[in-house]
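Participant:
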Amino acid sequence: MRKADLINQISDKTGIPKVDVLVTLETMFKSIKNSLAAGENIYIRGFGSFITKKRAAKIGRNIKKNIAVEIPEHYIPAFKPAKEFMLEIKSSKDVIEQAENKAEDKED
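Here you go:
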């Protein structure tokens with residue numbers, strides 16, 4: 005599902021014009037980005053948490069030049085789903101069927 009599909013689905017279910025749904029979603033995404041950039045985590049009960057994770061400094065390698073490169077300590081955004089959300093996905097028949105179909109396709 006793409007953002008446009010999500011907007012269409014929300015608009016159809018709620019009767020809110022697509023333009024208003026688009027503005028609302030864009031504002032929500034911008035608020036999430038700004039909060040994470042400010043070091044604030046976002047907790048949405050029943051859905052999950054948007055958090056920042058700390059990555060330690062490490063030595064990487066530039067494959068083209070074959071030299072070691074120091075990667076400094078940095079933070080990355082992450083999503084941690086809520087327990088209820090995880091249980092709903094795990095028990096979803098559609099997800100299970102898609103996983104089985106993908107496994108069959110790989111065997112062929």
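In our numbering, each number is its position in the sequence shown, counted from 1, plus 4.
C-beta atoms are modelled at their ideal positions from N, C-alpha and C, and glycine is treated no differently.
Quantities reported herein were computed from a predicted structural model and do not represent experimental measurements.
1. Tell me the DSSP bridge mates of GLU101?
2. Quick one: residues in its chain with C-beta nearer than 8 Å to the C-beta of ILE80, no 5 flanking neighbours on either side, listed in chain order?
3. Within its chain, find whatever has a CB closer than 8 Å to the CB of GLU77; leave out the 5 residues flanking it on each side and keep chain order.
4. Buried or exposed: ILE71, going by 16 or more other Cβ atoms within 10 Å of its Cβ?
5. Measure how close the beta-carbons of GLY52 and PHE89 come, nearest whole angstrom, since I'm counting them as under 8 Å.
6. Quick one: is LYS69 near chain D, going by C-beta distance under 8 Å?
7. Answer with buried or exposed for ILE11, where buried requires no fewer than 16 other C-beta atoms within 10 angstroms of its C-beta.
8. Classify ASN38 as helix, strand or coil using the three-state DSSP reduction.
9. Which class does SER15 belong to by DSSP, given the choice of helix, strand or coil?
Facilitator: On the basis of the supplied data:
1. Looking at the DSSP output, GLU101 bridges to nothing.
2. Hits under 8 Å: THR56, LYS57, ARG59.
3. Closer than 8 Å at Cβ, skipping near neighbours: LYS58, ARG59, ALA60, ALA61.
4. Exposed, because fewer than 16 other Cβ atoms sit within 10 Å of the Cβ of ILE71.
5. With a Cβ gap of about 6 Å, GLY52 and PHE89 count as contacting.
6. The structure shown contains no chain D; it holds only a single protein chain.
7. Result: buried.
8. Three-state result, ASN38: helix.
9. Of the three classes helix, strand and coil, the one that applies to SER15 here is helix, per DSSP.
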